[in-house]
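Residue numbers (the numbering used here): 3 to 506. Built from N, CA and C at the ideal position, the CB exists for glycine as well. This report refers to the structure that appears directly beneath it.
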RNA sequence: GGCGCCGUGGCCAAGUGGCUAAGGCAGCGGAUUGCAAAUCCGCCAUCGCCGGUUCGAAUCCGGCCGGCGCCUCCA
């Protein structure tokens, strides 16, 4: 299979071959855990997940690593004196407020002033969301999810090497900076040049913040600061590491000096990933840190940039609990909504898109269920040579063209496949990438609804049947209307009335 | 000002020089239904604009217009 991806490094499509096939090393920049993750974060994480699942489906052994940024970086990290507010401090402030009002399960945190507890809380929340949405790496917590605070020594070792090799310098106040002028390729990823960075940025580089640095683009490696909430001892004074160093340190620690794939949101291209390259290559002397850099475009909400002030800011929890739609959303629906458009185009998150996605998820789940029934659960053995599955993979091999891939599946569904065990096998294969839990079409829904509501629904169905038998259609319609309002989909057949929870 | 991405029907979106421009959702007409839902059948676009290359362009080139991102913490 010819796989090609758009590499930000070259701004062009490049054929993909791992350095040490069949192994693939992949690193994704993960979340900063001082708040709940929002759907935009997950658009980027799920794109990485899609990439990873695709590579596995075509036979590669993927080691996918993701970091958790739990160091309390400053809200204005770039500013030389470490200005702004500590992110952990601002999280603590928010948590205390919501704790007072009892509006949040933040009540679970004993002491919001303990930054480690705050980080722990939001990390758990992130992992929970990630598992709910089928982010594979989140199920590999111990092997592949790494916390920055657990790797301070590795970061310090890297900083020491950078100082030794002349890529870093220490100011009189002890702050350690990376010297971008010591690294000729700085700017290659983002297309910036040092001159442009110096003069550019619309004149927003403020002179006084830059005073101690040799070049305005020099970035922080270590900041001695006794007053910082999270601090560690170091040869350069007690303080905290710069934001960029954790990814360089952890990636090389577990994946080696040169990795195959590195992903993140488009906003990370500069400065974050540019700085990672400078640090890693500065230490290893290699020409590449990651051979392929893939970046996901931003997510918009109803045509606008998502922001708290516009009121269109949604966390994963918000959407699943119906804040965006007024009705609970099944995780598979949100997952599909976030992966269904090409990662390199801006995606527009809309209520309508969500219900479109629900229709697709539903269609596939019902088809799978019927094939399962017809085949008695016996799936035929198929591989990449299967026309449908092969075509699906082939579409994805072209820079993850999921629209084309799904187009093929929809056409296939419409053709009413006759070989049930073969069709079931295709569904199972698809599910390894789509992650819809196709083979448990109703289970998770009913479990979630266990208790009063499910019983109520059942009795309403019974009422409909009884009323219809008595030709009391007004009562039957009323009962059905009630079920619909409860979020159920009702169907009446010769066998009687049944209902199930709608996906959206 | 610098560096990039994008512009196909109401919405999402495939298509990268040549059959009647995939597919999904919505909509419309019909079958089915007590009425519905689901399902099935049918209908629904000349590709942002202008110019060029070519026998032939949504697809290549140039210009313009428009949207978006980064250049500052941000997926």
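Neighbourhood of residue 163 by C-beta, 6 Å cutoff - its chain only, sequence neighbours within 5 removed: 285
For residue 434, the three-state DSSP class (helix, strand or coil): helix
Cβ pair count under 8 Å reaching 3, the region 61-72 against the region 253-268: yes
Straight-line Cα distance separating residue 365 from residue 181: 55 Å
Through-space distance from residue 329 to residue 489, alpha-carbon basis: 7 Å
Segments assigned beta strand (DSSP E), at least 3 residues, entirely inside the region 338-410: 349-351
Assigned exposure category for residue 141 - 16 Cβ within 10 Å defines buried: exposed
Rounded C-alpha distance that separates residue 71 from residue 96: 19 Å
Rounded straight-line distance, which links the Cα of residue 279 to that of residue 292: 8 Å
C-beta atoms of residue 314 and residue 303 nearer than 9 Å: yes
Three-state class that DSSP yields for residue 264 in the structure shown: strand
Beta bridge counterpart(s) of residue 170 as assigned by DSSP: 180
Cutoff 6 Å; reference residue 177; Cβ partners in own chain excluding five residues on either side: 225
9 Å Cβ cutoff met for residue 422 and residue 407: no
Backbone CA spacing between residue 159 and residue 277 [nearest angstrom]: 17 Å
Option in 429, 410, 112, 308 with minimal Cα separation from residue 382: 429
Given 8 Å, three or more beta-carbon pairs between the region 185-200 and the region 305-314: no
8 Å Cβ shell around residue 402 - same chain, five flanking residues per side excluded: 7, 49, 52, 53, 56, 344, 345
Secondary structure of residue 153, DSSP reduced to three states: helix
8 Å contact criterion, which residue 111 and residue 340 should meet: CB distance rounded: Contact flag wrong, Cβ pair sits at about 28 Å.
Burial state of residue 379, where buried means 16 or more other Cβ atoms lie within 10 Å: exposed
Own chain residues within Cβ distance below 7 Å of residue 184, not counting five before or after: 168, 169
N- and C-terminal bounds of the alpha helix (DSSP H) containing residue 298: From DSSP, residue 298 is part of no alpha helix (DSSP H) but of the beta strand (DSSP E) over 292-298.
Residues near residue 349 in its chain [Cβ-Cβ closer than 6 Å; skip 5 each side]: 301, 343
Integer-rounded CB distance, given that residue 234 should sit under 8 Å from residue 154: 5 Å
The region 367-375 in contact with the region 409-427 per 3-pair CB rule at 8 Å: yes
Identity of the residue in 157, 259, 271 nearest residue 236 by Cα: 157
Option in 369, 274, 319 with minimal Cα separation from residue 133: 319
Local Cβ density within 10 Å of residue 486, reported as buried at 16 or more and exposed below that: exposed
For residue 498: DSSP bridge partner residues: 495
Same chain, Cβ closer than 7 Å to residue 115, neighbours up to 5 away in sequence not counted: 94
Span separating the alpha-carbon of residue 443 from that of residue 367: Any reading at residue 443 must be qualified, since the residue scores a pLDDT of 45, below 50, and its modelled position is unreliable; the value itself is stated next. For residue 443 and residue 367, the distance between alpha carbons rounds to 6 Å.
Cβ neighbour criterion (16 or more within 10 Å) applied to residue 387: exposed
Other residues of its chain near residue 369: CB distance less than 8 Å, five sequence neighbours each side excluded: 415, 425, 429
Residue interval of the beta strand (DSSP E) (run including residue 542): Any property of residue 542 remains undetermined from this structure, which presents the chain solely from 3 to 506.
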